[in-house]
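Only one structure is covered here, and it is reproduced in the block below.
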Amino acid sequence: MKPIVHRFSIREPEQARAHGLRAGPFTVALLFWAGVLTVALLFCADAAAPEIDLHGTVVKRTLYRVPIVVEDFAIEASPGERNDPLFFSGGERPEDLLVQDLRFSDAFQVVRRRQGSFDPAGEPPRDIDGALVEQPIQARVVGRMEWDDERLRLKAELIDQGTGNRILDREVAINREGELARPDRWAIHRLSDEITRYLTGTPGCAATRIAFLRESRSGKELFLVDWDGYEEQAVTGLGTILVSPAWHPSGERIAFTSYHRGAPVLVALDLESRRLATLSTAPTPAAAVYSPNGKRVAFSTTAEGDAELYVARADGSHARRLTFHPDIDTAPCWSPSGERLVFTSDRCGRPQLFLIDADGSNLQQLTFSGEWNDSPDWSPAGSRIVHVCQIGGRFELALIDVQGFGWRRLTVGGGCENPRWAPDGRHVVFALTQAGVRNLWILDADSGNLRQLTASPDHSYNPGWSRPARERIRASG
Amino acid sequence: MRTRTLYMGMIAALIVVVGLVGCSKKPPPGEIIPPPEVTPSEMPQTERVPGDETAPPGSAAEDAALQIEDVFYEFDKYALTARARDTLTRDADVLLANPGMRLLIEGHCDERGTREYNLALADRRARASRDFLVAYGIDASRLETISYGEERPFVLGSTESAWSKNRRAHFVVRQ
Chain P
230 MKPIVHRFSI REPEQARAHG LRAGPFTVAL LFWAGVLTVA LLFCADAAAP EIDLHGTVVK
290 RTLYRVPIVV EDFAIEASPG ERNDPLFFSG GERPEDLLVQ DLRFSDAFQV VRRRQGSFDP
350 AGEPPRDIDG ALVEQPIQAR VVGRMEWDDE RLRLKAELID QGTGNRILDR EVAINREGEL
410 ARPDRWAIHR LSDEITRYLT GTPGCAATRI AFLRESRSGK ELFLVDWDGY EEQAVTGLGT
470 ILVSPAWHPS GERIAFTSYH RGAPVLVALD LESRRLATLS TAPTPAAAVY SPNGKRVAFS
530 TTAEGDAELY VARADGSHAR RLTFHPDIDT APCWSPSGER LVFTSDRCGR PQLFLIDADG
590 SNLQQLTFSG EWNDSPDWSP AGSRIVHVCQ IGGRFELALI DVQGFGWRRL TVGGGCENPR
650 WAPDGRHVVF ALTQAGVRNL WILDADSGNL RQLTASPDHS YNPGWSRPAR ERIRASG
Chain A
6 MRTRTLYMGM IAALIVVVGL VGCSKKPPPG EIIPPPEVTP SEMPQTERVP GDETAPPGSA
66 AEDAALQIED VFYEFDKYAL TARARDTLTR DADVLLANPG MRLLIEGHCD ERGTREYNLA
126 LADRRARASR DFLVAYGIDA SRLETISYGE ERPFVLGSTE SAWSKNRRAH FVVRQ
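Chains P and A are the protein sequences, given in the same order. Sequence positions in the first sequence follow our numbering and run 230 to 706. Sequence positions in the second sequence follow our numbering and run 6 to 180.
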């Protein structure tokens with residue numbers, strides 16, 4: 230959506246004289262008030278329209294999406310329960326959330342229908358964006374929510390439109406207890422992930438959260454937000470500088486560099502107990518990242534001169550040096566197998582990406598061209614490495630295969646920082662500077678679809694994407 | 006007289022409107038999230054920032070402290086320019102003349118590049134300045150370094166003018 234700009238024309242004094250008007254005090258007052266009104270409206274329009282025109286900032290590609298029909302859910306609840314603020318109230322409907330999740334996955338062309346009203350033999354339907362669905366509908370979601378004593382039950386079926394078979398039959402009890410502020414929303418996120426997995430073969434990532442930093446006057450604090458931009462919450466209130474948050478794969482801890490003791494230290498915050506554990510007090514410990522099995526942590530420190538990579542146990546003990554070069558080595562990221570790492574080094578004069586085995590052997594340069602290649606993140610689903618690449622003086626996102634092939638540019642607008650893969654190995658969250666403010670955006674690296682995750686007047690940056698819920702949170706039903 | 010009153014009123018109104026417009030950019034007060042609690046045993050210690058130990062105003066020590074100048078760097082570089090060397094030479098002379106003076110050398114970067122890389126780069130900048138001073142004859146025990154990367158810019162903005170001011174080694178004097 231383009232920002233609305235109000236334009237007012239004010240007659241110039243010369244023009245006024247030419248028309249035989251004298252600029253008396255009241256004319257001046259009139260012009261003055263018009264000017265004040267214009268300025269005020271311009272600022273209001275700016276404040277009310279944070280959406281930014283994204284035309285021309287990403288490289289778009291046409292990609293097949295699975296046509297799917299979502300029918301309105303049947304909701305059975307007593308009037309009192311219907312107003313329970315925890316469970317879909319205030320006009321919020323479960324199928325709306327499911328449709329949004331499926332749309333955000335970029336893997337579906339979603340058609341909305343009332344219960345039982347979809348006619349496969351009828352005219353080709355239109356999707357929720359108004360586009361004609363030309364391919365045959367593959368599946369249909371039929372859902373129902375009902376109260377069973379104190380619990381809300383979500384029942385959903387996924388029906389194959391070709392055979393009429395039920396390919397997914399899911400029933401979940403949504404409990405009020407537990408760590409989740411909105412278990413109802415979370416249940417729908419998980420349903421969306423299952424549908425995605427059944428129909429596309431790749432796991433969805435709706436039941437995930439993104440950790441990030443937000444800058445305020447008092448410091449930079451750790452925040453969490455659901456993948457759809459809801460349930461944003463502050464996690465820390467340390468009033469200091471934090472850098473580079475990284476999830477432990479369990480989803481229980483987040484490691485980051487903190488200046489709360491003056492000199493920077495590497496700490497891990499347990500999200501449940503809210504305790505900070507110190508991982509390293511070596512000089513300038515930075516860029517911590519846990520191995521995929523959660524048993525090790527890689528980071529850089531300047532303990533022995535310049536920034537070098539170290540690998541330690543997850544608690545920070547038994548740190549072992551990995552790189553030996555008198556230039557900067559930092560920003561490590563593990564391969565999905567945990568056997569290799571990709572990192573940034575300026576050993577050839579400018580930052581470039583390098584690969585190294587987790588035991589320090591097989592050092593290999595990955596990027597060669599360009600002035601600046603930095604901030605690599607290895608896809609959890611394969612061999613693609615997303616990174617920041619300076620092109621024409623601007624910082625863009627680009628992909629490169631671990632073999633050094635398949636380099637592809639993802640953005641064209643510049644201002645991109647810290648890309649981090651979603652667990653689906655398809656979406657990338659990153660910080661984008663627009664109008665001088667950093668906010669988080671999610672890019673589908675396959676199609677080029679872009680959506681805004683945070684819309685704050687304060688800088689929001691340094692994101693990290695949690696692993697999918699099914700791998701880390703106990704089933705609730 | 007009436008005209009003057011009118012103009013005065015307009016100026017007053019302008020101040021009010023500018024104030025209101027300024028306020029409208031901030032999030033509504035109801036949306037501020039209270040800072041979450043941190044376990045008391047892990048509360049950040051309010052350690053004194055080394056630079057807070059300032060000398061009494063007007064003293065000889067303060068005069069000396071005011072003579073210490075920051076050093077600036079080129080983009081993505083930590084090598085000392087000829088100008089940086091001149092500045093450091095003057096700083097070193099001040100340190101030699103004031104044996105009680107100690108320095109915390111803060112490394113800083115501009116906002117370009119990623120935070121992790123900039124932490125490492127700013128660390129190198131602080132060390133490059135320290136190494137020069139040590140080579141000049143300043144006892145290393147009088148010098149400490151800390152890297153702030155791009156996290157504490159001196160000037161906000163995305164212009165070369167702002168960037169060049171943010172690529173620096175900042176000296177915090179302790180007596």
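Even glycine gets a Cβ: it sits at the ideal position worked out from N, Cα and C.
**Prompt:** Which residues in the same chain have their Cβ closer than 7 Å to the Cβ of A410 (chain P), if we skip the five residues on either side of it in sequence?
**Reply:** Cβ neighbours of A410 (chain P) beyond the five flanking positions: E460.
**Asked** Along the segment 524-555 of chain P, what residues have a CB closer than 9 Å to any CB found in chain A?
**Response** Per Cβ criterion, the list reads S529, T531, G534, D535 and A536.
**Item:** Chain-ordered neighbours of E646 (chain P) on chain A, where CB pairs are closer than 7 Å
**Value:** Under the 7 Å cutoff, chain A gives T119.
**Asked** Does the separation of the CB atoms of A436 (chain P) and R373 (chain P) fall below 7 Å?
**Response** Against a cut-off of 7 Å, the Cβ pair of R373 (chain P) and A436 (chain P) comes out as no contact.
**Message:** Assuming contact is defined by CB atoms lying nearer than 7 Å, are D603 (chain P) and P580 (chain P) in contact in what I supplied?
**Reply:** Yes, the Cβ-Cβ distance between D603 (chain P) and P580 (chain P) is below 7 Å.
**Item:** Beta-carbon neighbours of R88 (chain A), restricted to chain P and to distances below 8 Å
**Value:** Per Cβ cutoff of 8 Å: no residues; R88 (chain A) is ~22 Å from chain P at best.
**Close-in-space but distant-in-sequence residues of the same chain around S695 (chain P) (CB under 6 Å, 5 per side omitted)** = Result list for S695 (chain P): T437, R438, W476 and G480, in chain order.
**Asked** Three or more beta-carbon pairs under 8 Å between the segment 145-162 of chain A and the segment 575-595 of chain P, yes or no?
**Response** Between the segment 145-162 of chain A and the segment 575-595 of chain P there are fewer than three C-beta pairs closer than 8 Å, too few to call the two in contact.
**Asked** At a cut of 8 Å, does the segment 107-126 of chain A reach the segment 555-574 of chain P through at least three beta carbon pairs?
**Response** A contact exists between the segment 107-126 of chain A and the segment 555-574 of chain P.
**Prompt:** Taking 7 Å as the CB-CB limit, is V298 (chain P) close to chain A?
**Reply:** Under the Cβ criterion of 7 Å, V298 (chain P) is not counted among the residues facing chain A.
**Prompt:** Sorry if obvious, but does the Cβ on Q364 (chain P) come closer than 6 Å to a heavy atom of the ligand NAD?
**Reply:** With respect to small molecules bound, the structure shown includes none, and the ligand NAD cannot be examined in it.
**Asked** Helix or strand or just coil, what does DSSP make of E400 (chain P)?
**Response** Judged by DSSP in its simplified three-state form, E400 (chain P) adopts strand.
**Message:** Looking at chain A, is there any beta carbon in it that lies within less than 7 Å of the beta carbon of I585 (chain P)?
**Reply:** Residue contact check for I585 (chain P) against chain A: no CB pair falls below 7 Å.
**Prompt:** When the distance is taken between beta carbons, is I483 (chain P) closer than 7 Å to P493 (chain P)?
**Reply:** Taking 7 Å as the cut-off, the Cβ atoms of P493 (chain P) and I483 (chain P) do not count as close.
**Prompt:** Which of helix, strand or coil does DSSP assign to I357 (chain P)?
**Reply:** If DSSP states are grouped into helix, strand and coil, I357 (chain P) belongs with coil.
**Listed by chain order, chain A residues near T559 (chain P) by CB distance under 8 Å** = Chain A residues near T559 (chain P): E121, Y122, L124 and A125.
**Message:** Using C-beta distances below 7 Å, list every residue in its chain close to S166 (chain A), excluding the 5 sequence neighbours before and after it, in chain order.
**Reply:** None.
**Asked** Near K31 (chain A), which residues of its chain fall below 7 Å by C-beta distance, leaving aside the five closest residues on each side in sequence?
**Response** Unreliable placement is indicated for K31 (chain A), whose pLDDT of 37 sits below 50; the coordinate value is still reported in the next sentence. Counting only residues of its own chain and dropping the five nearest sequence neighbours on each side, K31 (chain A) has no CB closer than 7 Å to any other CB.
**Request:** Classify D522 (chain P) as buried or exposed, calling it buried when 16 or more other Cβ atoms lie within 10 Å of its own Cβ.
**Result:** A small correction: the amino acid at residue 522 (chain P) is Asn; Asp does not occupy that position in the sequence shown. N522 (chain P) is exposed by the Cβ-count criterion.
**Prompt:** Helix, strand or coil: how does DSSP classify S169 (chain A) here?
**Reply:** Residue state, collapsed to three classes: helix.
**Residues from the segment 127-145 of chain A in contact with chain P, defined by Cβ distance under 8 Å** = Taking 8 Å as the Cβ-Cβ cut-off against chain P, the residues of the segment 127-145 of chain A that qualify are D128, R129 and R132.
**Prompt:** What is the C-beta distance between V371 (chain P) and E300 (chain P), in whole angstroms, given that I count them as a contact (C-beta under 8 Å)?
**Reply:** 5 Å between Cβ atoms; contact.
**Request:** Can you pull the chain A residues whose beta carbon is under 9 Å from the beta carbon of P474 (chain P), in chain order?
**Result:** Listed along the chain, the chain A residues whose CB falls inside 9 Å of the CB of P474 (chain P) amount to none; the nearest CB is some 11 Å away.
**Request:** Would you check if the distance between the CB atom of L495 (chain P) and the CB atom of A517 (chain P) is smaller than 7 Å?
**Result:** Result yes, Cβ atoms of L495 (chain P) and A517 (chain P) sit closer than 7 Å.
**Prompt:** Grouping DSSP H, G and I as helix and E and B as strand, with all else coil, what is S382 (chain P)?
**Reply:** Per the sequence presented here, residue 382 (chain P) reads as Arg, with Ser not at that position. In the structure shown, R382 (chain P) adopts extended strand secondary structure according to DSSP, grouped into three states.
**Asked** Within this structure, are the beta carbons of G643 (chain P) and R623 (chain P) separated by less than 7 Å?
**Response** In this structure, G643 (chain P) places its C-beta atom within 7 Å of the C-beta atom of R623 (chain P).
**Message:** Helix, strand or coil for H656 (chain P)? Go by DSSP, reduced to three states.
**Reply:** The answer is strand: DSSP assigns H656 (chain P) an E or B state.
**Request:** State the DSSP-derived secondary structure class of A70 (chain A), mapped to helix, strand or coil.
**Result:** A70 (chain A) sits in a helix when the DSSP states are folded into three classes.
**Request:** Output the residue ranges of the beta strand (DSSP E) runs that lie fully inside the segment 559-613 of chain P and measure 3 residues or longer, sorted by chain position.
**Result:** Runs of the beta strand (DSSP E) inside the segment 559-613 of chain P: 569-574, 581-586 and 602-607.
**Asked** Which first and last residues belong to the alpha helix (DSSP H) in which N123 (chain A) is found?
**Response** Under the DSSP assignment, N123 (chain A) falls in the alpha helix (DSSP H) whose first and last residues are R120 to Y141.
**Prompt:** If V339 (chain P) and P354 (chain P) are in contact, beta carbons under 8 Å, what's the gap, nearest whole angstrom?
**Reply:** The Cβ separation is near 10 Å, so there is no contact.
**Item:** Residue from P:D687, P:D675, P:D653 and P:P652 with nearest C-alpha to R638 (chain P)
**Value:** The shortest Cα separation from R638 (chain P) among P:D687, P:D675, P:D653 and P:P652 belongs to P:D675.
**Message:** Please tell me whether I151 (chain A) has its Cβ less than 7 Å away from any Cβ of chain P.
**Reply:** It does: the Cβ of I151 (chain A) has a partner Cβ on chain P nearer than 7 Å.
**Message:** Once the 5 residues before and after T552 (chain P) are set aside, which same chain residues still bring their CB inside 6 Å of it?
**Reply:** Sequence-distant partners of T552 (chain P) (beyond 5 residues in either direction) whose C-beta falls short of 6 Å from its own C-beta, in its chain, are E537, L538 and D558.
**Item:** Extent of the continuous beta strand (DSSP E) to which A145 (chain A) belongs
**Value:** Premise fails: A145 (chain A) is in no beta strand (DSSP E) and is neither H nor E.
**Item:** Nonlocal neighbours in the same chain, by C-beta distance under 8 Å from L93 (chain A), ignoring five residues either side
**Value:** Excluding residues up to 5 positions away in sequence, V76, L85, S134, F137, L138 and Y141 lie with their Cβ nearer than 8 Å to the Cβ of L93 (chain A) in the same chain.
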